[in-house]
Amino acid sequence: MSKPLPLGCFMTDINLGIYTANIDPGRTIYATSERTAIRRHQFGEVPLVCLMEGLLQASWKRRARPRIPQRESAWGERAAGDSRITIRALFQRLHEFLTPDMVVIADPGDSLFGAADLTIHRRTEFISPAYYTSMGFAVPASLGAQLANPALRPLVVVGDGAFQMTGLELSTTARLGLNPIVIVLNNHGYSTERQISEGPYNDITNWSFSKVPDLLGSGRGYVVYTVADLDKALQASLANRETFSIIEVDLDKYDASPALTRLGQRLSKQVKGKPDKRRLVQSRQHGPPERASGLPLTPEPAFAASIGRRRSRVRLSPWRGEFAA
Ligand SMILES: Cc1ncc(C[n+]2csc(CCOP(=O)(O)OP(=O)(O)O)c2C)c(N)n1
Ligand SMILES: [Mg+2]
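Remember, my numbering sits 1205 above the position in the sequence shown when you count from 1.
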């Protein structure tokens, strides 16, 4: 049986698939920026960076690298050029577009849920926040990624909502002469939240994202309505090595990736007050569940204690009931 090795990610509702991931801490090595846990032993003073330094100093017998089977595209048949652009067609084309010298940087939202099904050519060229509630991460992160490794070309995938938070950091991108390709999923608002609870609070102002280059006096902008528009914009962006490119992809506001659709179904049940039986047991023991937004686990001392307590009373995956109060 496999032993999970979650390094650097927090065991939150989102990362655990709304507590459907049945990960046994007794078989897991789990390290974050805060601490390391090896099975049930807690090392509160050993953050991930120290663990990695220690591992680098240790002498290991090298094993042959395992062969990782090729994944099939999760996006199905190729969409026709003249068809309206959809999330499925967008990620299918991005999947084909990726080259080994690109680093995908995905923002929380359907950008991340869709990008999670892309196949990355090397081993480390995928960046997204370990902590889900970090909307607006991707455009600024592309600055750091390309400055750290100029041989990589960032492919930024970001929502219209997230871009409105931090997208004008492209001003620094322009000043430094960097050349990321920025794909803005313009699904006209907070589509992730729409899948959970629809209302006017999910609507935002519709920006002309492709005109950001006019504002900044640098960069190239494209708007995409069809698959053929996307193909043209991707090729033009690839050829433009001088400045950033921004591709605004006009999507239906209810279009969603398969991963977001599944997540929305689970979360909306909870938001509408129909938690499943397991969560009712948990809330009696630990207080009400938190808003399903990616809040972290309870603080460290409570962690070990609560695992012991729960094991003796109810048979649950220990990570299912860990809520931030
Ligand atoms: C800083 C922050 N605030 C709020 C959230 C909650 N949240 C998650 S996705 C989302 C909507 C994001 O909208 P957009 O960037 O347009 O992406 P979409 O969901 O439409 O794909 C929100 C508000 C978050 N993840 N981070
Ligand atoms: Mg959006």
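From the three backbone atoms N, C-alpha and C, an ideal C-beta is built for every residue, glycine too.
With DSSP run on the structure shown, which of helix, strand or coil describes G1194? Outside the shown range of the chain, which is 1206 to 1530, sits residue 1194, and nothing can be said about it.
Would the beta-carbon of I1228 fall within 8 Å of that of I1234? The count along the sequence shown starts at 1 and reaches residue 1228 at position 23. The count along the sequence shown starts at 1 and reaches residue 1234 at position 29. No, they are not a contact pair.
Around the C-beta of L1468, are 16 or more other C-beta atoms found within 10 angstroms, so that it is buried, or is it exposed? Looking up residue 1468 in the sequence shown gives position 263. Answer is buried; the Cβ neighbour count reaches 16.
Check M1216 in the structure and name its three-state DSSP category. Walking along the sequence shown from the start, residue 1216 turns up at place 11. Coil, per DSSP.
Buried or exposed: S1207, going by 16 or more other Cβ atoms within 10 Å of its Cβ? Working through the sequence shown from its first residue, we reach residue 1207 at position 2. The residue in question, S1207, is exposed, as its Cβ has fewer than 16 Cβ neighbours within 10 Å.
Give the straight-line distance between the Cα atoms of A1433 and Q1475, rounded to the nearest whole angstrom. Your numbering for residue 1433 matches position 228 in the sequence shown. Your numbering for residue 1475 matches position 270 in the sequence shown. Using only the alpha carbons, I get a separation of about 40 Å.
Would you please state the rounded distance, in angstroms, between the beta carbons of Q1400 and T1466? I believe it to be under 8 Å. For the purposes of this step, residue 1400 is taken as residue 195 along the sequence shown, with counting starting at 1. For the purposes of this step, residue 1466 is taken as residue 261 along the sequence shown, with counting starting at 1. Sure, about 7 Å apart at Cβ, within 8 Å.
Contact set for L1278: own chain, Cβ-Cβ below 7 Å, skip 5 residues either direction: For the purposes of this step, residue 1278 is identified with residue 73 of the sequence shown, where counting begins at 1. Looking at the sequence shown, residue 1278 is not Leu but Ser. Cβ neighbours of S1278 beyond the five flanking positions: Q1297 and H1300.
What do you reckon, is the C-beta of G1396 under 7 Å from a heavy atom of ligand 2? By one-based count along the sequence shown, residue 1396 stands at place 191. Note on identity: in this sequence residue 1396 is Ser, with Gly being the wrong assignment. Checking every heavy atom of ligand 2 against the Cβ of S1396, one is found closer than 7 Å.
To the nearest whole angstrom, what separates the beta carbons of I1223 and R1471, a pair I think is in contact under 8 Å? Walking along the sequence shown from the start, residue 1223 turns up at place 18. Walking along the sequence shown from the start, residue 1471 turns up at place 266. About 4 Å; that satisfies the 8 Å criterion.
Whole-angstrom Cβ separation of V1308 and L1357, contact assumed at under 8 Å? Walking along the sequence shown from the start, residue 1308 turns up at place 103. Walking along the sequence shown from the start, residue 1357 turns up at place 152. 4 Å between Cβ atoms; contact.
Do the stretch 1235-1255 and the stretch 1207-1216 make contact, defined as three or more Cβ pairs closer than 8 Å? yes
Cβ of P1315 within 8 Å of Cβ of A1343? If you number the sequence shown from 1, residue 1315 lands on position 110. If you number the sequence shown from 1, residue 1343 lands on position 138. One point to set straight first is that residue 1315 is Asp, not Pro, in the sequence displayed. No. Outside cutoff.
Got a sec? Which residues, its chain only, sit under 6 Å from S1288 by beta carbon, not counting five neighbours each side? For the purposes of this step, residue 1288 is taken as residue 83 along the sequence shown, with counting starting at 1. Taking C-beta separations shorter than 6 Å and ignoring five residues to either side along the sequence, the partners of S1288 in its chain run V1432, following chain order.
Roughly how many whole angstroms lie between the Cα atoms of N1392 and Y1459? Position 187 of the sequence shown holds residue 1392. Position 254 of the sequence shown holds residue 1459. Distance between the alpha carbons of N1392 and Y1459 is about 8 Å.
How far does the alpha helix (DSSP H) with A1379 in it extend, from its first residue to its last? Locating residue 1379 in the sequence shown gives position 174, where the first residue counts as 1. L1375 to L1381 is the span of the alpha helix (DSSP H), which, as asked, contains A1379.
Closer than 7 Å: is that where the CB of L1352 sits relative to any heavy atom of ligand 2? Residue mapping note: residue 1352 aligns to position 147 of the sequence shown, counting from 1. For ligand 2, not one heavy atom lies less than 7 Å from the Cβ of L1352.
Taking Cβ to Cβ, would you say I1409 is nearer than 8 Å to G1366? Sequence index remark: in the sequence shown, residue 1409 carries index 204 (1-based). Sequence index remark: in the sequence shown, residue 1366 carries index 161 (1-based). Going by C-beta atoms, I1409 is nearer than 8 Å to G1366.
Helix, strand or coil for Y1235? Go by DSSP, reduced to three states. Within the sequence shown, residue 1235 is the residue found at index 30, counting from 1. Reduced to three states, the DSSP call for Y1235 is strand.
Distance CB(P1385)-CB(F1449) smaller than 8 Å: In the sequence shown, the residue the question calls residue 1385 occupies position 180. In the sequence shown, the residue the question calls residue 1449 occupies position 244. With a cutoff of 8 Å on beta-carbon distance, P1385 and F1449 are scored as near each other.
Which listed residue (L1352, P1405 and I1219) has its alpha carbon closest to that of L1381: Taking the first residue of the sequence shown as 1, we reach residue 1381 at position 176. Nearest option by C-alpha distance: L1352.
Report the option in N1220, L1256 and R1276 whose CA atom is closest to the CA atom of R1240. Within the sequence shown, residue 1240 is the residue found at index 35, counting from 1. Ranking the options by Cα distance to R1240, first place goes to L1256.
Does the beta carbon of L1564 fall short of 7 Å from some heavy atom of ligand 2? The structure shown does not extend to residue 1564, since the chain is modelled only from 1206 to 1530, so the question has no answer here.
Report yes if the CB atom of S1473 is closer than 8 Å to the CB atom of F1318, and no otherwise. Numbered from its first residue, the sequence shown carries residue 1473 at position 268. Numbered from its first residue, the sequence shown carries residue 1318 at position 113. Going by C-beta atoms, S1473 is not nearer than 8 Å to F1318.
Using only alpha-carbon positions, find the residue among G1372, H1326 and N1354 that is nearest to V1362. Along the sequence shown, read from residue 1 onward, the residue named residue 1362 stands at position 157. Nearest option by C-alpha distance: G1372.
Cβ shell of P1305 (< 7 Å), same chain only, five flanking positions each side left out: Taking the first residue of the sequence shown as position 1, residue 1305 is located at position 100. For P1305, the CB contacts under 7 Å within the same chain, skipping 5 residues up- and downstream, are H1326 and R1327 in chain order.
Beta-carbon contacts of V1532 that lie in its chain and below 6 Å, excluding the five residues immediately before and after: Absent from the structure is residue 1532, since the part of the chain shown begins at 1206 and ends at 1530.
From the DSSP output, in three-state form, read off T1241 for me. Taking the first residue of the sequence shown as position 1, residue 1241 is located at position 36. It is a strand residue.
Reducing DSSP to helix, strand and coil, say where D1391 ends up. As a working note, residue 1391 is residue 186 in the sequence shown. The question names Asp, but residue 1391 in the sequence shown is Asn. DSSP places N1391 in strand when its eight states are reduced to three.
Report yes if the C-beta of D1419 is less than 7 Å from at least one heavy atom of ligand 1; otherwise report no. For this step, residue 1419 is matched to residue 214 along the sequence shown. Outside the cutoff, so no.
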